[in-house]
């Protein structure tokens, strides 16, 4: 399966990049996400929102890609906030421990607010 990544600005929060993912996030597709994340980093985006509501599967490679970029974002004082986790993908995040270090939000709007403030609800 493929992974679609749609990148947009978060409205007034110009330092926040929003990535809407659809499909499977795995060893075959994590490079697509990495390229999008790298492009936003090169643009100077300090905070990011990952809308994973369209992600149907995530493996350890996908988790690693998210974790690597989360470390960079946090190192520059920003936040990487995840929203839209489906139950099975949420379980993968929980089992890996990533859900304890990454802020999550119930909605895209809330995720953007948290990312813009550089804060975590966890």
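Numbering (UniProt numbering), first residue to last: 1 to 122. The C-beta atom is built at its ideal place from N, Cα and C for all residues, glycine as well. Since this is a predicted model, take the numbers as computed values, not measurements.
So what's residue i in DSSP terms, helix, strand or just coil?
i           : result
residue 106 : coil
residue 43  : coil
residue 16  : strand
residue 56  : strand
residue 49  : strand
residue 23  : strand
residue 64  : helix
Pick out whichever of the options has its Cα sitting closest to the Cα of residue i.
i          : options        : result
residue 32 : 3, 82, 46      : 3
residue 47 : 59, 24, 21, 38 : 38
With respect to the beta strand (DSSP E) encompassing residue i, which residues constitute its N-terminal and C-terminal limits?
i          : result
residue 10 : 3-10
Which same chain residues end up closer than 6 Å to residue i when comparing Cβ atoms and leaving out the 5 residues on each side of it in sequence?
i          : result
residue 92 : 58
Would you give the residue range spanned by the alpha helix (DSSP H) that residue i belongs to?
i          : result
residue 82 : Per DSSP, residue 82 belongs to no alpha helix (DSSP H); it is in the beta strand (DSSP E), 80-83.
residue 92 : 87-96
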